[in-house]
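Chains as they are written, first to last, in our numbering: chain Y, 5 to 452; chain H, 63 to 422. I have placed the structure first, in the form of C-alpha cells, so that the comments after it can refer back to it.
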Amino acid sequence: MSATAERPPGPRLWRNRRVRLAVFQAGFAIALVAVAWLAYRTTADNLARRRIGVGFGFLSREAGFSLGEMLPLPVPDGRFGLFALSLVAAALVAAALKGLAGRLGSGGALAIGAALCLAVLLANRALNPGFESFAPDRSFLFAIATALANTVKVAALGIVLATVLGFLIGIARLAANPLVRGTATVYVEIFRNVPLLIQVFFWYFAVLRTLPGVRASIDVLGIAAINNRGIFLPRLVPGDAAATLVAIGLAAALLAALFVALRAPRLSLLRTGAIVLASGAAAVAGGALVLPDGFALEYPRLTGFNFSGGMVITPEYGALLLGLTLYTAAYIAEIVRSGLAGVGRGQTDAAEALGLDRAQTLRLVILPQALRIAVPPLISQYLSLTKDSSLGIAIGYPEIVSVTGQVINQTGQAIEMLVIALLIYMGLSLGVSAVLNWYNARIRWSLV
Amino acid sequence: MVAGLATAGRRLRPLVRALAGTPGNALLSLLFFVAIGWAVLRLWRWAVAEAAFGTTPESCRAVAGACWSVIADMWPLFLVGLYPMEERWRVASAAVVVLAAALPFALPALRRARPAALAAVATIPGVLLLLYGSPALGLPVVGPEKWGGLLLTLVLAVVGQTLAFPLGVLLALARTARELPVVRFAAVCAIEAVRSLPLVLVLLLATLIMPVFLPATLPLNTMVMAQIGFVIFSGAAFAEIVRGGLQGVPPAQVEAAAALGLRYWATMRLIVLPQALRLVQPALVGSIVSFVKGSSLVVAVGLYDLLGTAMLAAANDKWVGHSIEPLITVGAVFWAICFTLSRISARWERERAMRTTGAR
C-alpha cells in the first residue's frame, strides 16, 4: 500500500506504466466513439436520402407479405404486452425450475412444470386471448413472433431427434461388431464433411419435391398421404371438453409429481418423468370415457387441388428437419463416442466383476459418466443446431433469418432488425444453455 | 497348404467371433450385411450401371439411373462460374501458382519452415490481382460478380481465413488483456454478439447494412460485402479458440519473459502465441473445415459459389429436373476438401504426439 508513496522519484510521467495504459485506453475509447459517430452520421445521411425512419415504430405496421408456414399464436395483434408477458413468464419458469430443482429433486421439478402448465392453461381460459395465425394484414411484430415459433418448432424437434440418433450412432461407433462399427463410421464421415446447406437442398429439391403430385399421392393406409406438397397426417382436434380433459391430465400429473417429490425424492428424472406422464395419460384416457367430446381424429381429405384437414409436414419443414437432424447427429455421435472413450477401462472391468451384463454396464456405469464429459460440447452442438435452422432461408422456410430479410426488404429498417435478431438469438442461446447447465449441474451433484 | 489354411483360420477367428460370437450378434451381422449389400447394389445400379454419361439432355431420356451428362455439359460453370471464356487461362495459371505455393506443405521437411508459410500467404494478393485483372498490365478487369463455382468457394475460404486469423488473434489478445478493461470490454461485446448470430444472418446483414453504414460513394459489391461478413464471423470464432489456447499457456511463461525484459508484443509473439496456437491447432483446423463448409451459405445472399452453380445448372431449361446429380457432385467435392483437411490435421496431431512422447 505504502509502496506508491515511498516510490523513489522515478521516471517521468509518460514512462509510468499505469499512465501509459490509461492513455492508450482513452485513445482506444475515443477512436471507437469517433468511428461510431462517423458511422452514425453516414447512416443518418443514407437513411434520410432513402426516406427511412429510425426507431421501432414500424413493428406495429401492416406486414403486407405472407408466410408459408405458421402456428396459431396467442398474440392478438398490437397486444404486445401479453406477448412480452409470456416471454417474461417463460424466463421466470426457467429460473424457478433451475433454483428449486436442486432442493426438490426431479419430482419437485416436474411438479412445478405441471403446475405451471396448469396455471397457464387456466389463465388462458380466463384471459381468453384466442389463438390466431399470421396473415398479410397483421403487423411486422406478429410476423417476427411467427418466425420465432417456426424456429423453435424446427430446432426443438431437431434437437430431440438428433440426440436419439446421435447416441445410437455414437454407441455403434464403439461396437464390437465390425459391420456395425464400419457403418457408423461411414455415416459420421459422410454427414460431417458435407455442408449442411447441400444436405438440406438434397432433401428438399432431390427428394421431397420430386415426390408425386397431389393427384398421384402415395396413400398410407387411408389415414395419411405423401406428395410433393408435404406429408399429410391425421390430427387431434380439440372438442368442447378438451380443456377440461387437459386440466384433469395436468392435475393428475401434478399429484403424481408431488407424490414422488414427497415419497421418493431421489428417483431419477427419467423414471419420475415416466410416472408423471403415465398418470397424466391415464387420467386423460379415463376422463375421455366420461367426457366423449374431448378430442377427435381429423383425417386429411383430398378436396379440389389439395388436401385439407389433418396436419401437414411441409417439404420445407421436412427438408430442414431432416438436414439438421442427420447433420447434427454425426457431431453428437462423435461427442458421445469421445465421452464413452473417456470413461476408464477399469470401470467396465469393475462392472463386469460385479456381475453386470453388457447392457447394464452401459446403462448404469458407462453412460452416466460419459454424459458428464459429453454435456458441455452437447450444449454447444444444440446451440449450433438452433443457429443452423437459419438455413431455412434458402428453401423458403419462414424462420427468423428469412423473415428478418423479408422485413428489411419491405421497410429498410436494417439496424433495428439487427438489434431484434441479436436479442432473439442471444435469448435462444441463453435459454438452451440455461436448461442444459441446470441439467449439467444436476448430474454433477448426483455423481459427486 | 493345410498349414496355410490353418493359419488363415486362426487369423480369421477373432473376426468370426466379432461378427457372430453370439446368436444375437450373428443376426445383427446378417441384418447389416443384407442392408449394406442392398444399398450398395442400388447405388451401383443408379450411379453406374443404369446411368447416362453423354453430354446432351437426349442421352438421359432412356436411362433409369443418374444423368451425369449434366456434369459433363456444365463443368466449366462449376469450376469458374461466369468467368469469361477467353480469360479462363488466368484462373488456370492462378491454380498452378496456388498449387506450387502449397507444395511445400506436402513435404514434411519443409512444412515447419516459416518462409514457406509466408510465401504462400504472399502469393494471395498476386493471385487476386491476376484474377481481377489490371488494365496497366494488359489484363482486362473481371469483376468479382463474374467469379463463381469452385473458384469463388476457394477465394472466399482462403482469403476469408487469411484475414480472419490475424483478426481472431487480435480479438483474443484484446479479450485476455487484464490491464486494459476498456479494450477487453469492447472485445467481449464484439465477440459475443457476432458469435450468437448464425452465419447466414451475418452475411445477410453484411450485404444489407454495409451500404447504409458506409458512404454511398464506396464501390461495394455483394461478393466483397459477403467476404467482409465472413471475415468478421470467422474472426470471432477464431478469437474464442485462440483464447482457449492463451489460457492453456502457464502464467510462468509470461513471468519468465518479463524477467528476460521482453515487452508485451515480444512476449506474445515469441513466447505465448507459438505455444497457444500449437495447443489449439486441432480446433483451428476444425473451424477452418467448418468455414469451408460455411462458405456455401453465400448462396443465401445471391452469390454463385460451387453450390450456387450447381443450383444454377439444375435450374437451366436444358437440364430441368436434374438437381440430384449436380448436388451429389458438389457434395463430393466439398467432402473431399473437408475430409482431406481433417485427415491432415489428425496426422499432424499424431506426429506431434509421437515427437513429444519421444522427447520425454
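Positions of the beta carbon are idealized from the N, C-alpha and C atoms, including for glycine.
Identity of the residue in E136/Y, P199/Y, A160/Y nearest Y331/Y by Cα: Here the closest residue by C-alpha is P199/Y.
Could you check the C-alpha separation between R362/Y and V369/Y for me, to the nearest Å? If you take the alpha carbons of R362/Y and V369/Y, they lie about 10 Å apart.
Contacts of L422/Y in chain H (Cβ-Cβ under 8 Å): Those within 8 Å of L422/Y in chain H are L267, I271.
So, with DSSP's three-state summary, where would you put G234/Y? G234/Y: strand per DSSP, three-state reduction.
Would L229/H pass as a contact of V293/H if the rule is Cβ separation under 8 Å? Pairing L229/H with V293/H gives a Cβ-Cβ distance under 8 Å.
Would you give the residue range spanned by the beta strand (DSSP E) that I222/Y belongs to? Where I222/Y is concerned, the enclosing beta strand (DSSP E) stretches over 222-224.
Is there at least one Cβ from chain H nearer than 8 Å to E453/Y's Cβ? Summary: the structure shown does not reach residue 453/Y, with chain Y confined to residues 5 through 452, and so no result is reported for it.
Segments assigned alpha helix (DSSP H), at least 4 residues, entirely inside the segment 412-438 of chain Y: Taken in chain order, the segment 412-438 of chain Y contains no complete alpha helix (DSSP H) segment of 4 residues or longer.
Going straight from the alpha carbon of P344/H to that of L232/H, what length do you get? The C-alpha of L232/H is placed about 20 Å away from the C-alpha of P344/H.
How many Å lie between P80/Y and R233/Y at the Cα? At P80/Y the pLDDT is 49, less than 50, meaning the model places this residue with poor confidence; the figure from the coordinates comes in the next sentence. Using only the alpha carbons, I get a separation of about 29 Å.
In the structure shown, what three-state DSSP assignment does F171/Y receive? It is helical.
If distances are taken between C-alpha atoms only, which option among N154/Y, A418/Y, V316/Y comes closest to S394/Y? Minimum Cα-Cα distance from S394/Y among the listed residues N154/Y, A418/Y, V316/Y corresponds to N154/Y.
Tell me the DSSP bridge mates of T307/Y? N310/Y, per the DSSP bridge assignment.
Shorter than 8 Å from the beta carbon of L216/H to some beta carbon of chain Y? Answer no: the Cβ-Cβ gap between L216/H and chain Y never drops below 8 Å.
Pairwise C-alpha distance: A160/Y and L235/H: When rounded, the distance between both Cα atoms is 36 Å.
Look at L301/Y and L237/Y and say whether their C-beta atoms are less than 8 Å apart. With contacts defined by Cβ atoms closer than 8 Å, L301/Y and L237/Y do not form a contacting pair.
Which one or two residues does DSSP pair with W209/H in a beta bridge? Beta-bridge partners of W209/H (DSSP): G143/H.
Is the Cβ-Cβ distance between G188/H and L368/H less than 8 Å? No.
Are the segment 183-199 of chain Y and the segment 210-229 of chain Y touching by the rule of at least three beta carbon pairs closer than 8 Å? Two segments are said to touch when three or more pairs of C-beta atoms, one from each, lie closer than 8 Å; by this definition the segment 183-199 of chain Y does not touch the segment 210-229 of chain Y.
Going by DSSP, what residue range makes up the alpha helix (DSSP H) through M287/H? Per DSSP, the unbroken alpha helix (DSSP H) holding M287/H starts and ends at 284-310.
Verify whether the separation of the beta carbon atoms of L273/Y and V264/Y is less than 8 Å. In this structure, V264/Y does not lie closer than 8 Å to L273/Y by Cβ.
Taking N378/H as the query, report the chain Y residues whose CB atoms sit under 9 Å from its CB, ordered along the chain. Here the premise fails: no neighbours, minimum Cβ distance about 14 Å.
Mapping the DSSP letters down to three states, classify G166/H as helix, strand or coil. A quick correction: the sequence has Pro, not Gly, at residue 166/H. Here P166/H sits in helix by DSSP.
Helix or strand or just coil, what does DSSP make of G82/Y? Any reading at G82/Y needs caution, since the residue's pLDDT is 41, under 50, leaving its predicted position unreliable; the model's value is listed next. Looking at G82/Y - three-state DSSP - the assignment turns out to be coil, as it is neither helix nor strand.
How far does the alpha helix (DSSP H) with L273/Y in it extend, from its first residue to its last? Looking at the DSSP string, the run of the alpha helix (DSSP H) that includes L273/Y is 273-294.
For A398/H and A82/H, the rounded distance between their alpha carbons: Cα-Cα distance, rounded: 34 Å.
A80/H and A181/Y - do their beta-carbons sit closer together than 8 Å? What sits at residue 181/Y in the sequence shown is Asn, not Ala. Their beta carbons are under 8 Å apart, which means N181/Y touches A80/H by this criterion.
Where DSSP assigns a beta bridge to V302/Y, which residues make up the other side? In the sequence on display, residue 302/Y carries Glu and not Val. DSSP lists R239/Y as partners of E302/Y.
Please say whether I56/Y and Q4/Y have beta carbons closer to each other than 8 Å? With chain Y covering 5 to 452 only, the question about residue 4/Y has no answer from this structure.
Do the segment 202-211 of chain H and the segment 280-300 of chain H touch if we need at least three Cβ pairs shorter than 8 Å? Proximity of the segment 202-211 of chain H to the segment 280-300 of chain H meets the contact definition, three or more beta-carbon pairs being nearer than 8 Å.
With H, G and I counted as helix, E and B as strand and the rest as coil, what does DSSP make of I399/Y? In the structure shown, I399/Y sits in coil (DSSP, three-state: anything other than H, G, I, E or B).
So V158/Y and L328/Y are supposed to be a Cβ contact under 8 Å. How far apart are they, rounded? So it is a contact: roughly 7 Å between Cβ atoms.
6 Å CB neighbourhood of A362/H in its chain, flanking five on each side removed: Within the same chain, A362/H has close Cβ partners V262.
Given I253/H, which residues of its chain have a CB within under 8 Å of its CB, disregarding the five upstream and five downstream residues? Cβ neighbours of I253/H beyond the five flanking positions: L233, R237, A298, A301, E302.
Let me check understanding here. Comparing Cα to Cα, which of L267/H, L199/H, E241/H lies closest to T408/Y? Of the candidates L267/H, L199/H, E241/H, the one whose C-alpha sits nearest the C-alpha of T408/Y is L267/H.
Starting from V241/Y, find everything on chain H with Cβ-Cβ shorter than 7 Å and list it in chain order. Contact of V241/Y with chain H by beta-carbon distance below 7 Å is absent, the smallest such distance being about 36 Å.
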